[in-house]
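Structure first, then comments.
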Amino acid sequence: MCRLCGRRLESTPGSDRRPTSWASEAISRSCPRPGTPCRTLRSSACLDNSHPADEPEFLRPGCFWSAAQVRPDRPGPLAVAGYDPRAPHRPGVPDRREPRAPAVTLGPGSTASAQAVRLREFSAVGSPGGARVPSEGFVTSITHQSENFPEWYNDVVLKAELADYSPVRGCMIIRPYGYAIWESMQGELDRHIKATGHSNVYFPLFVPRSLLEKEAEHVEGFNPQVAWVTHAGGKALDEWLAIRPTSEAIIADSVKDWIQSYRDLPLLMNIWNNVVRWELRTRLFLRTTEFLWQEAHTFHATREEAEAEVATGLDCYDRVSEEWLAIPVIKGRKTDGEKFPGAEFTWCIEAMMRDKKALQAGTSHMLGQNFARAAGIEFLDRDNVRKNPYGTSWGFSTRMVGATVMAHGDDSGLVLPPNVAPVQVVIVPIFRTDEERAAVAGAIDRLQGALAETPEGKAVRVKVDWRDESPGFKYNHWELRGVPFRLEIGPRDVAAGQAIVVKRVDRSKEAVPLDRLAAELPARLGAYQAELLARARDFRDSNTHQVDTYQQLKDGLDGEGGFFLAPWCGNAKCEKQVNDETGATIRCIPFDSPDESGKCTVCGGSSERRVLFARAY
RNA sequence: CGGGGCGUGGCGCAGCCUGGUAGCGCACCUGAAUGGGGUUCAGGAGGCCGAGCGUUCGAAUCGCUCCGCCCCGACCA
Numbered sequence: 006m007c008r009l010c011g012r013r014l015e016s017t018p019g020s021d022r023r024p025t026s027w028a029s030e031a032i033s034r035s036c037p038r039p040g041t042p043c044r045t046l047r048s049s050a051c052l053d054n055s056h057p058a059d060e061p062e063f064l065r066p067g068c069f070w071s072a073a074q075v076r077p078d079r080p081g082p083l084a085v086a087g088y089d090p091r092a093p094h095r096p097g098v099p100d101r102r103e104p105r106a107p108a109v110t111l112g113p114g115s116t117a118s119a120q121a122v123r124l125r126e127f128s129a130v131g132s133p134g135g136a137r138v139p140s141e142g143f144v145t146s147i148t149h150q151s152e153n154f155p156e157w158y159n160d161v162v163l164k165a166e167l168a169d170y171s172p173v174r175g176c177m178i179i180r181p182y183g184y185a186i187w188e189s190m191q192g193e194l195d196r197h198i199k200a201t202g203h204s205n206v207y208f209p210l211f212v213p214r215s216l217l218e219k220e221a222e223h224v225e226g227f228n229p230q231v232a233w234v235t236h237a238g239g240k241a242l243d244e245w246l247a248i249r250p251t252s253e254a255i256i257a258d259s260v261k262d263w264i265q266s267y268r269d270l271p272l273l274m275n276i277w278n279n280v281v282r283w284e285l286r287t288r289l290f291l292r293t294t295e296f297l298w299q300e301a302h303t304f305h306a307t308r309e310e311a312e313a314e315v316a317t318g319l320d321c322y323d324r325v326s327e328e329w330l331a332i333p334v335i336k337g338r339k340t341d342g343e344k345f346p347g348a349e350f351t352w353c354i355e356a357m358m359r360d361k362k363a364l365q366a367g368t369s370h371m372l373g374q375n376f377a378r379a380a381g382i383e384f385l386d387r388d389n390v391r392k393n394p395y396g397t398s399w400g401f402s403t404r405m406v407g408a409t410v411m412a413h414g415d416d417s418g419l420v421l422p423p424n425v426a427p428v429q430v431v432i433v434p435i436f437r438t439d440e441e442r443a444a445v446a447g448a449i450d451r452l453q454g455a456l457a458e459t460p461e462g463k464a465v466r467v468k469v470d471w472r473d474e475s476p477g478f479k480y481n482h483w484e485l486r487g488v489p490f491r492l493e494i495g496p497r498d499v500a501a502g503q504a505i506v507v508k509r510v511d512r513s514k515e516a517v518p519l520d521r522l523a524a525e526l527p528a529r530l531g532a533y534q535a536e537l538l539a540r541a542r543d544f545r546d547s548n549t550h551q552v553d554t555y556q557q558l559k560d561g562l563d564g565e566g567g568f569f570l571a572p573w574c575g576n577a578k579c580e581k582q583v584n585d586e587t588g589a590t591i592r593c594i595p596f597d598s599p600d601e602s603g604k605c606t607v608c609g610g611s612s613e614r615r616v617l618f619a620r621a622y
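In this note's numbering, the protein residues as written are 6 to 622.
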């Protein structure tokens, strides 16, 4: 019922596609006054001209969002993302919203569930209400990894304040602490990209439909995931605008006038932006409807040069991943079934998370002449022949924040590599009286002064936690946030001229003289960074297995899990069978897997090398 | 889309059967003590009980309709 005019709002059949909760409400609550364009909204008012003053701000004519979300020319307003008007309607597509993690309270947890965990822990050590055994783990309201890894992940991302859910389904809000982590890896990758000769540029958010549809395989691959703007300025657009799912199409079109001669090549560009891909199933950072990333786009005169560029891109990712995020990766080539729509081939890096599942950490695509040809880009080569340039594109996204969480975290929360940690060292002062406080503060001031003038000039990101909370509370607070080192400085330490240095990753404690601490911290952070990488590499290697029969592969996947290197004949049918029957996919054909003749794990046909099978995110 | 369940302060829940204008824990604010692994005590602020319509003197509670969410299945990847 329209709350303004009282007309009944009727349900519209076929409203099973639900891009957002409120848009779906709009769809199913259209107000069918005959002959009157009617825009009905979540407020359950029918917003026709008779009561325009009540229109929500964001629905007034001229407002972009009103245009994007509502179609006045249809009884059921349909600006439906992922909706291909040419496709037959498919009923029965379910609403697959990722379940929200049970929201949680921060801080000293005593929510019901936290208490349940606490009770469980007490009973686990056999002394309900008795003294806690420190090594038995902390009282915490984070789900244990071994209990339910996805829930652990959600708990950590929310409680460490990396991100939050948004009012729009599938989208996320990146909070300051999470954004700082993103900025760190973004900065590092940007340095690599520039060092390899690329320039940052910007292209529009909107892609005219005709451009997106020029490359046939590309359209087909992306169409189901594209969000369309159908209205703007209060009226229907003659040509729909896609909200970019990626920018190949618009870039290829835009640069065609820039490239006339081989002298204009190579053209090496990079964009930092957001893209939208309508996902049915989303997870914070790992797969969101809108995400932030970098996409490099290059054009070259020769195939060889373009192929070298694909390697350059992958190399940037490999280095950022290993050197900055301490995540070891396996480089390889995607199978044809997994490659980018419109590419000739796709290279990738794959990483192992602590639940032994794989995560695609970055991809680099050889576009060949596909997009150039579709967009009509031609240049005159040395030999005075007009040719289409060869293109590449490569992308690295906020998903890597999730990868960092899942590659290093433990039951106490995040474990961050120092390079990306927004806070590398947290100092927790301990005192009772004002005199003690003053003494501790003095020691901390001197330490901070010394840190500011480290010989290497390398600033250490230090935070002193003076909040009026108990020390134990602060320990847990910063452990949850993955801070690599904690310094405890109390009266006893000031007297002894030392600080207690606690490593987050193994919680080891060590007394270090205050006068050496500042000089040593950078090296300790460096060692910590290396230790995390080594730890992750050990974990991955010890969970990577060679298997030769399908039975072994299935047993392995269902058993302890991990990565499985197995022979494959190259046939897509075998690939699909494994996926259908085990849920695993071929993550890549690793570059470092040696030539080795064998029999395909699935069909027994001849295989030239082993490929990497795993269940993946 | 089929079957089941659930919507009550920020979060987790009780109250509903047997209508009388809302309560608990955590989080939040204030004060004091405490402070070397999630510290106590005291005081305080915060809720049109998912929405609409009905029944009634009176609805969180009863009835109808709608909306949203979760689980299982099917579908998709």
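C-beta atoms are modelled at their ideal positions from N, C-alpha and C, and glycine is treated no differently.
Small disclaimer: the values here were computed from a predicted structure and weren't measured.
Query	Result
Which word fits R44, buried or exposed, when buried means at least 16 other C-beta atoms lie within 10 angstroms of its C-beta?	Reliability fails at R44, whose pLDDT of 27 lies under 50, so the model's placement of it is uncertain and the value that follows must be treated cautiously. The residue in question, R44, is buried, as its Cβ has 16 or more Cβ neighbours within 10 Å.
In whole angstroms, what is the alpha-carbon distance linking G142 and P333?	Residue placement at G142 cannot be trusted, given a pLDDT of 29 that sits under 50; what the coordinates show is reported in the next sentence. Approximately 27 Å between the Cα atoms of the pair.
Measuring only the C-alpha atoms, how far is K604 from D553?	8 Å
Return the Cβ separation of L385 and S266 in integer angstroms, given the expectation that the two are a contact with Cβ distance under 8 Å.	5 Å
For K219, collect the residues of the same chain with a Cβ closer than 7 Å to its Cβ; drop the 5 residues on either side in sequence, then sort them by chain order.	A254, A379 and A380
Going by other Cβ atoms of all chains shown within 10 Å of its Cβ, with 16 needed for buried, is E309 buried or exposed?	exposed
Helix, strand or coil: which one does DSSP assign to F350?	strand
Quickly, what does DSSP pair W283 with across the bridge? List them, please.	None; W283 has no bridge partner.
Among the residues of its own chain, which have a CB less than 8 Å from the CB of T293, if the five just before and after it don't count?	G175, C176, M177, E284, T287 and T403
Is it buried or exposed for S252, if we count other Cβ within 10 angstroms and need 16 for buried?	buried
Nearest CA to the CA of W352: which residue from K362, D341 and R359?	D341
How long is the line joining the alpha carbons of Y88 and R214, rounded to whole angstroms?	At Y88, the pLDDT of 28 sits below 50, so the modelled position is not reliable; the number obtained from the coordinates is stated separately. If I take the Cα positions, the gap works out to 13 Å.
Mind checking which residues open and close the alpha helix (DSSP H) that includes T496?	Per the sequence presented here, residue 496 reads as Pro, with Thr not at that position. Counting along the chain, the alpha helix (DSSP H) containing P496 begins and ends at P496 to A501.
Specify whether the stretch 404 to 412 and the stretch 358 to 367 touch according to this definition: at least 3 beta carbon pairs, one from each stretch, less than 8 Å apart.	yes
Within a Cβ cutoff of 6 Å, which residues of the same chain sit near L273, ignoring the five residues on either side of it in sequence?	G202, H203 and T303
Ends of the alpha helix (DSSP H) at M405?	R404 to H413
Do the CB positions of A168 and G418 come within less than 7 Å of each other?	no
Indicate the three-state DSSP secondary structure (helix, strand or coil) for D473 in the structure shown.	coil
Quick check: the Cα distance between L210 and A301, rounded to an integer number of angstroms?	16 Å
Please specify which runs of the beta strand (DSSP E), each continuous and at least 3 residues long, are wholly inside the stretch 312 to 350, giving them in chain order.	334 to 338
Who does A619 pair with in a DSSP beta bridge?	T590
Just to confirm, are V425 and K479 a CB contact at a threshold of 7 Å?	no
Is it buried or exposed, D450, if we count other Cβ atoms within 10 angstroms and call 16 or more buried?	exposed
Would you check if there are 3 or more beta carbon pairs closer than 8 Å linking the stretch 390 to 400 to the stretch 602 to 621?	no
Starting from A306, follow the beta strand (DSSP E) in both directions and report where the run begins and ends.	That residue, A306, is in no beta strand (DSSP E); it is neither H nor E in DSSP.
Alpha carbons only, please: which of A455, N375, Q557 and I335 is nearest the one belonging to G347?	N375
Using 7 Å as the threshold, is the C-beta distance between E355 and C579 below it?	no
Please report the Cβ distance between G502 and L519, rounded to the nearest whole angstrom; I am assuming they are in contact, meaning their Cβ atoms lie under 8 Å.	5 Å
Determine the closest residue to P496 out of A464, A532, I186 and V445, with distance taken between C-alpha atoms.	V445
Tell me, to the nearest whole angstrom, how far the beta carbon of K336 is from that of P572; I am working on the premise that it is less than 8 Å.	Actually they are not in contact, since the Cβ atoms of K336 and P572 sit about 20 Å apart, beyond 8 Å.
If we count the other Cβ atoms within 10 Å of its Cβ and call it buried at 16 or more, is K362 buried or exposed?	buried
Tell me the residue span of the beta strand (DSSP E) that contains A426.	Neither: A426 is in no beta strand (DSSP E) and is coded neither H nor E.
Determine the closest residue to P427 out of A457, R466 and A443, with distance taken between C-alpha atoms.	R466
With 16 as the cutoff for other CB atoms within 10 Å, does R22 come out buried or exposed?	With a pLDDT of 23 at R22, under the threshold of 50, the modelled position of that residue is not reliable, and the figure given next carries that caveat. Label assigned to R22: buried.
Going by DSSP in three states, D100 sits in which element: helix, strand or coil?	Confidence at D100 is low in this model, with a pLDDT of 25, below 50, so its placement is unreliable and no value can be given for it.
Within 10 Å of its beta-carbon, does F63 have 16 or more other beta-carbons around it, so buried, or fewer, so exposed?	Residue placement at F63 is poorly supported in this model, since its pLDDT is 26, which falls under 50; the coordinates are not used for a value here.
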